[in-house]
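Undergrad: This is the structure I have questions about; it appears just below.
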Amino acid sequence: MAKPEPVNQMKCTFPSCSVNEALARSVAASFAAQLNPTCEEVSDIKCAVSEAVTNAIVHGYRDSIGEIVMVLKLESDRTFTAEIRDRGVGIPNVEEAMRPLFTTDPENERSGMGFTIIENFMDSLRVVSSPGKGTRVIMKKKLSMLPLRK
Amino acid sequence: MTTAEKTLKSAMKGRTLIIWLDGDIDHHSARELRSRIDTKVFIQRPDELILDLSRVCFMDSSGLGLILGRYAKAAELGIRFKVANPTPEISRILDLAGTQRLIKIENASLRTV
Ligand SMILES: Nc1ncnc2c1ncn2[C@@H]1O[C@H](COP(=O)(O)OP(=O)(O)OP(=O)(O)O)[C@@H](O)[C@H]1O
Ligand SMILES: [Mg+2]
Numbered sequence: 058m059a060k061p062e063p064v065n066q067m068k069c070t071f072p073s074c075s076v077n078e079a080l081a082r083s084v085a086a087s088f089a090a091q092l093n094p095t096c097e098e099v100s101d102i103k104c105a106v107s108e109a110v111t112n113a114i115v116h117g118y119r120d121s122i123g124e125i126v127m128v129l130k131l132e133s134d135r136t137f138t139a140e141i142r143d144r145g146v147g148i149p150n151v152e153e154a155m156r157p158l159f160t161t162d163p164e165n166e167r168s169g170m171g172f173t174i175i176e177n178f179m180d181s182l183r184v185v186s187s188p189g190k191g192t193r194v195i196m197k198k199k200l201s202m203l204p205l206r207k
Numbered sequence: 554m555t556t557a558e559k560t561l562k563s564a565m566k567g568r569t570l571i572i573w574l575d576g577d578i579d580h581h582s583a584r585e586l587r588s589r590i591d592t593k594v595f596i597q598r599p600d601e602l603i604l605d606l607s608r609v610c611f612m613d614s615s616g617l618g619l620i621l622g623r624y625a626k627a628a629e630l631g632i633r634f635k636v637a638n639p640t641p642e643i644s645r646i647l648d649l650a651g652t653q654r655l656i657k658i659e660n661a662s663l664r665t666v
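Structure (C-alpha cells):
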C-alpha cells in the first residue's frame, strides 16, 4: 500500500484560559469536517481534544497562564491527528498518569478518566512528557471510508 | 449572563428536585454549574435529586466529575440521586467510568416546566 500523503495541516496557539477549551474542540471538529466524518467520529474527536486541552490548562499550567499549541493533520489514508503541547509542569510517571481513575487532583472533582476517554475514543494515544519541560499528547483516528471531499 | 445562568432549569415534583442541564459541560462551565446545582439543592432540600442530561450537547470528563461529585454530595445529605436521559455519547462516557454501578441511570421522559 502507498505511504499516506499529508492532505492538510494547521497549527494554532492560544493561552491556557478555560474559555479556549470549547474553541479548541470546535476548531478540531471543523478541521476534520473536510473528511466527511460521521457524527460519532466528530463527537469522539471533540471529546478527546477537549480532554487534552483541559489537562494542559488544569494540570500543565495549574494556576498560571501559559501557551498551548495545537497541531492538526489530515493524511490521504483518512487519518486525523491532533497534537496538543504545553510547556507546563510535565508528568513524572506517564504510565501511572494514563491508568483509569488516576488523578493528582481529586479535590477539584477530577475523576482520572481523561486519558482513558482519549484512548477509547481515538485509535491511538501517545504521551511524551518530562517534569519541568512540558507535555505532548498525540492522538490519531482513522476515519471511516468515504470519498475525500474535493 | 453566563452560560450556566442561561441554562439551568429546574422543577420540584413532590419531594423530587429535577434539574435539566444543557449546552456544553466542560471544565470551563462545570465550576459554575456545580455551585448553582448545590445552591438549588441547599434551598430545596429534596428527598431525591435528578439530573436530566437529555439537552446536553457536549460533555467530557469534567462533566463526569460534576455528576460523581453531585452524587457524593447527595449521599452525604441523605438525598437519593439519579441521572436521567443521557445521550448516546454521554452514556459511553458514563459506561467507561463504571458510573452505573454507583448511580441509577433512568431513561424516561421527564417533562419540563
Ligand atoms: N498536560 C499535563 N501536564 C501535567 N500533568 C498532566 C497533564 N495531563 C495529565 N496530567 C496528569 O495525569 C493525570 C491523569 O490525567 P487524566 O486526564 O486521565 O485525569 P484527570 O485530568 O486527573 O481527571 P479528569 O480528566 O477525569 O477530569 C492528571 O491527574 C495529571 O496528574
Ligand atoms: Mg483530565
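Heads up: the sequence lines are chains A and B, in that order.
Remember, this note's numbering sits 57 above the position in the first sequence when you count from 1.
Remember, this note's numbering sits 553 above the position in the second sequence when you count from 1.
A virtual CB, placed ideally from N, CA and C, is assigned to each residue, including glycine.
All values derive from a computational prediction rather than experimental measurement.
Can you tell me whether residue 108 (chain A) sits near ligand 2, meaning its C-beta is under 7 Å from at least one heavy atom of the ligand?
TA: yes
Undergrad: Which residue marks the beginning of the alpha helix (DSSP H) containing residue 616 (chain B), and which one marks its end?
TA: 614–629
Undergrad: Measure the alpha-carbon distance for residue 650 (chain B) versus residue 171 (chain A) and round it to whole angstroms.
TA: 10 Å
Undergrad: In angstroms, rounded to a whole number, what distance separates the CA positions of residue 593 (chain B) and residue 561 (chain B)?
TA: 10 Å
Undergrad: Let's test the definition: count the other Cβ atoms within 10 Å of the Cβ of residue 179 (chain A) and tell me whether it reaches 16, buried, or not, exposed.
TA: buried
Undergrad: Near residue 165 (chain A), what residues of its chain come up, given a Cβ to Cβ distance below 8 Å and the 5 sequence neighbours on each side ignored?
TA: 115
Undergrad: Residue 110 (chain A) lies in the alpha helix (DSSP H); which residues open and close that run?
TA: 96–112
Undergrad: Under 7 Å from any heavy atom of ligand 1, does the C-beta of residue 253 (chain A) make it?
TA: The question about residue 253 (chain A) has no answer here: the residues shown for chain A are numbered 58 through 207.
Undergrad: Could you check whether the region 130–143 of chain A touches the region 640–650 of chain B, counting it as contact only if at least three pairs of C-beta atoms, one from each stretch, sit closer than 8 Å?
TA: no
Undergrad: Does the Cβ-Cβ distance between residue 118 (chain A) and residue 143 (chain A) come in under 8 Å?
TA: Yes, Cβ-Cβ distance for residue 118 (chain A) and residue 143 (chain A) is below 8 Å.
Undergrad: Terminal residues of the continuous alpha helix (DSSP H) containing residue 172 (chain A)?
TA: Note, residue 172 (chain A): alpha helix (DSSP H), 171–178.
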